[in-house]
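Each remark here refers to the structure printed beneath this line.
2 protein chains.
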Amino acid sequence: MYIAVMGYGVVGSGVVKVLQMNRDHISRKSRHGTIDVKYILDIKEINDENAHLVTKDFNDILNDSEVHVVVETMGGLHPAFEFVSACLKAGKSVVTSNKELVAEKGLELLTLARANQVNFVFEASVAGGIPVIRPISGSLNGNEIQEVAGIINGTTNFILTKMIDENMDYNTALKLAQENGYAEKDPTADVEGIDACRKICILSALAFGKHVYPGQVYTQGISKLELKDVEYAGDLGYVIKLLARSKKIGDQISVVVTPALVKKSSMLACVNGVNNAVLVRANAVGEILMYGPGAGMLPTASAVVGDVIDCCNHYMRPKFFGWLEDASEDFVRDYTESETSLFVRLSADSDKAKINELFGNVQFIEKEDIAFLTPVAVEKELREKLAVLGDKVKSVIHVTDF
Amino acid sequence: MYIAVMGYGVVGSGVVKVLQMNRDHISRKSRHGTIDVKYILDIKEINDENAHLVTKDFNDILNDSEVHVVVETMGGLHPAFEFVSACLKAGKSVVTSNKELVAEKGLELLTLARANQVNFVFEASVAGGIPVIRPISGSLNGNEIQEVAGIINGTTNFILTKMIDENMDYNTALKLAQENGYAEKDPTADVEGIDACRKICILSALAFGKHVYPGQVYTQGISKLELKDVEYAGDLGYVIKLLARSKKIGDQISVVVTPALVKKSSMLACVNGVNNAVLVRANAVGEILMYGPGAGMLPTASAVVGDVIDCCNHYMRPKFFGWLEDASEDFVRDYTESETSLFVRLSADSDKAKINELFGNVQFIEKEDIAFLTPVAVEKELREKLAVLGDKVKSVIHVTDF
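Residue numbers (the numbering used here), protein chains in the order written: chain A, 1 to 402; chain B, 403 to 804.
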């Protein structure tokens, strides 16, 4: 079977590489024998051994009836969206690693795919090489999913691991991440949680059946986190991770991306460096977790190629993700109306008697600053009480039950 | 769509329960709408709300053309094998949780299923509710798998966790496992590694394409493990887990079930209590791990029901596992010909100068006994050297690179 690859950057070139290096193996896993790349679409000059496959004209792919599956690894919304739409309309299945595209246009593209009896699949868009989408939307189909929580940004997890294990401050850790190629020169999308937000939108849609858009998710990154937060949380038995969480509460869901405390004994606390993990709670299975490399050329290509083989094997048989409609404003509730405990760090001269009066008797960590955990209550009410303490409050971080 | 459930024990009754409690949800995940149980086959008297579905005659199921999918949760080889074979021949897909059946008869039953254009699927046979089979034989299809390693027996992991965390001796921990319902009255199949052996046979077949039979796997349980081993391994930075491992080496594989040392920093070391985890190393993705409850009524039922929905959605379209032939004796190599490091515990009066002469300068843990780790070498050669030390050697345990 022939495929085309649009975008020959890190992921796209990885896809071609994996298809070539594992060609014989893949031919044994595919119902239709070998899978070969017929076109590579890219605007830049390519001089490697695949140069003869390069085209700059998208129509070469669109109009070639031998190409049944198209891989989109260009990134960004445009022209990816237009190209993918055109391919689906032309009866070609599309495999993408583009989380922005899926988070913003997933429902529209899945609807288009179904109408044309082809597949639109995106395992690589969340957590790189880790199989998460197939388990959630296949293996767990017998369950009502209650909660999905993930460490789904490798850059921030690398930085946090350095802060936790080596007492390295945020800026030094970020610089190290950039030097190692784990962070972009402009790290905003990673460190401010924008990347994780896109991914939790995709996981929410798969878990709860409605398209949650990035604009509906409260998103806070790690750029304001101080070493003291990490240290004091450690004293209380927790580590701080950037967690993306989506939880069913009644007929609604609460979705946030925030730094959060997880118990040191939790599997999530064991996820270090650029690795990712996705945890699912569901009413029959209980709690499962999937762990592995959340980014990188070959791991991400692994997920793309798995999807390509699946598209070849399910030619003209669209997969069903149950991702059926937009999430209304009602469906995504104000996260501050949910119950949580909060980690609070304050200056040492804060009024401890007042704090105990507000929150009941709490256990203080007393160092240069002081810190404590509130009891579990509605976040809005907790924050109203904290407002009484004014600018003594230096940081407030969610405490999870993981 | 109608299904039948053969065997109304813990798993079978869990399957019926999950299908009933999540009925509406499941109908939305299934292409063919609701999934209802038409028959329950069991020889014992059943007096619960499903009593009206019970039959004692297998032919009721076999001859009912409305039943498209049959769940086998009877356990054991006979009559499970005969019943499953008859169902497949009659054009019914079969979902099983029976690891003994899959480990002994998997190839034969998959061949029969393919010949009849139906499915034979068995997600629940390994690691309970954790999705492992679909990820390995689907998501990772673009990879050459290099190694599979798992903590795939909850009973022994519970016992080991108690030994590690609470310094509890083996017999006390086993008794506690029995009191909690985690171990059978006769715990042999669990503690001697027989259960884990069946599961690694199934994982080996999926990873490497050939049916490895339990008789081909060197299997050693945890019943001879002493607290001193756990303690000294801890001093060296390791925990002891019962690991089932299958590794590609050239054109062969090495498969064993043994207690083994894993680094405390490893994700496998974080897997505690009755939980299971399966780790996969593959040439594109690198290392991934899947974690969760390895047994129990509802988790195992979760896996069975996921497979049932898949069978309904893939009616008359057999899945392809690439599990194609028996593993020859040549294919499964003598594990002692592979390289490893060994943890060795000896009596305190052992000849340390001799040990250093045999193994190079090693680091000793010196307590009531002494212990050390050998360098990495061919196991057979290491054991020949250890033989020189005679009955001073009290225990020898594999050290892994996890």
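Cβ coordinates follow ideal geometry from the N, Cα and C atoms, glycine included.
Nearest candidate by alpha-carbon position, reference residue i, set the options
i         : options                                       : result
A:Ser-204 : A:Tyr-170, A:Leu-324, A:Lys-264 and A:Ala-260 : A:Leu-324
A:Leu-382 : A:Gly-142, A:Phe-364, A:Phe-359 and A:Gly-193 : A:Phe-359
B:Met-699 : B:Val-407, B:Asp-571, B:Gly-416 and B:Met-403 : B:Gly-416
A:Cys-197 : A:Arg-245, A:Ile-164, A:Leu-346 and A:Gly-294 : A:Arg-245
B:Lys-501 : B:Phe-722, B:Asp-592 and B:Lys-754            : B:Asp-592
B:Met-565 : B:Ile-554, B:Ile-642 and B:Lys-601            : B:Ile-642
A:Thr-55  : A:Asp-64, A:Leu-41, A:Pro-293 and A:Ile-46    : A:Leu-41
A:Ile-202 : A:Tyr-39, A:Val-396 and A:Val-126             : A:Val-126
A:Val-94  : A:Gly-215, A:Leu-112 and A:Glu-104            : A:Leu-112
A:Thr-161 : A:Ala-115, A:Lys-264 and A:Gly-106            : A:Lys-264
A:Tyr-39  : A:Lys-385, A:Met-6 and A:Leu-236              : A:Met-6
A:Lys-92  : A:Leu-227, A:Phe-120, A:Phe-331 and A:Gln-146 : A:Phe-120
A:Val-332 : A:Leu-227, A:Pro-214, A:Phe-402 and A:Ala-353 : A:Pro-214
A:Val-102 : A:Lys-29, A:Ala-124 and A:Ser-350             : A:Ala-124
A:Lys-352 : A:Phe-372, A:Ser-27 and A:Asp-334             : A:Phe-372
Pairwise C-alpha distance: residue j and residue i
i         : j         : result
A:Ser-85  : A:His-78  : 11 Å
A:Leu-279 : A:Met-267 : 9 Å
A:Ser-97  : A:Gly-75  : 8 Å
A:Asp-43  : A:Leu-62  : Residue 43 of chain A is actually Ile in this sequence, not Asp. Going from the Cα of A:Ile-43 to the Cα of A:Leu-62 covers about 16 Å.
B:Lys-650 : B:Ala-779 : 17 Å
B:Gln-580 : A:Arg-134 : 36 Å
A:Glu-72  : A:Phe-320 : 20 Å
B:Ile-439 : A:Lys-175 : According to the sequence shown, residue 439 of chain B is Val rather than Ile. Each residue's alpha carbon lies about 59 Å from the other.
A:Val-230 : A:Val-344 : 12 Å
A:Cys-87  : B:Val-550 : 38 Å
B:Asn-573 : B:Pro-777 : 32 Å
B:Ile-711 : A:Ser-347 : 56 Å
A:Asp-326 : A:Glu-357 : 44 Å
B:Tyr-410 : A:Glu-339 : 40 Å
Environment of residue i [buried if 16+ CB atoms lie within 10 Å]
i         : result
B:Asn-677 : buried
A:Thr-300 : buried
B:Gly-435 : exposed
B:Ser-539 : buried
B:Arg-425 : exposed
B:Lys-587 : exposed
A:Asn-153 : buried
B:Glu-689 : buried
B:Gly-583 : exposed
A:Asp-195 : buried
A:His-211 : buried
A:Asp-307 : buried
A:Lys-224 : exposed
A:Asp-369 : buried
A:His-398 : buried
B:Ala-789 : exposed
Assigned secondary structure, residue i (DSSP; H/G/I helix, E/B strand, else coil)
i         : result
B:Phe-723 : coil
A:Pro-293 : strand
A:Val-305 : helix
B:Tyr-634 : helix
A:Val-67  : strand
B:Leu-627 : coil
B:Thr-776 : coil
B:Glu-770 : coil
A:Gly-286 : strand
A:Val-212 : coil
A:Phe-120 : strand
B:Ser-495 : strand
A:Ala-127 : coil
B:Thr-513 : helix
B:Thr-802 : coil
B:Val-790 : coil
A:Thr-219 : strand
B:Thr-475 : coil
B:Lys-458 : coil
Chain D contact for residue i (CB, 8 Å cutoff)
i         : result
B:Gly-762 : Note that chain D does not occur in the displayed structure, where the protein chains are A and B.
Problem - Complete runs of the alpha helix (DSSP H) confined to the region 546-603 of chain B [at least 4 residues] - result: If we require 4 residues or more, the alpha helix (DSSP H) runs fully inside the region 546-603 of chain B come out as 556-568, 572-581 and 590-593.
Exercise for the section: Could you tell me which uninterrupted beta strand (DSSP E) segments, each at least 3 residues in length, are contained entirely in the region 235-283 of chain A, listed from first to last along the chain? Expected result: 238-249, 252-263 and 275-282
Exercise for the section: Run through the region 322-364 of chain A for me and flag every whole beta strand (DSSP E) of 3 or more residues, listed as ranges in chain order. Expected result: 339-347
Problem - Segments of 3+ residues assigned as beta strand (DSSP E) that fall wholly inside the region 14-52 of chain A - result: 36-41
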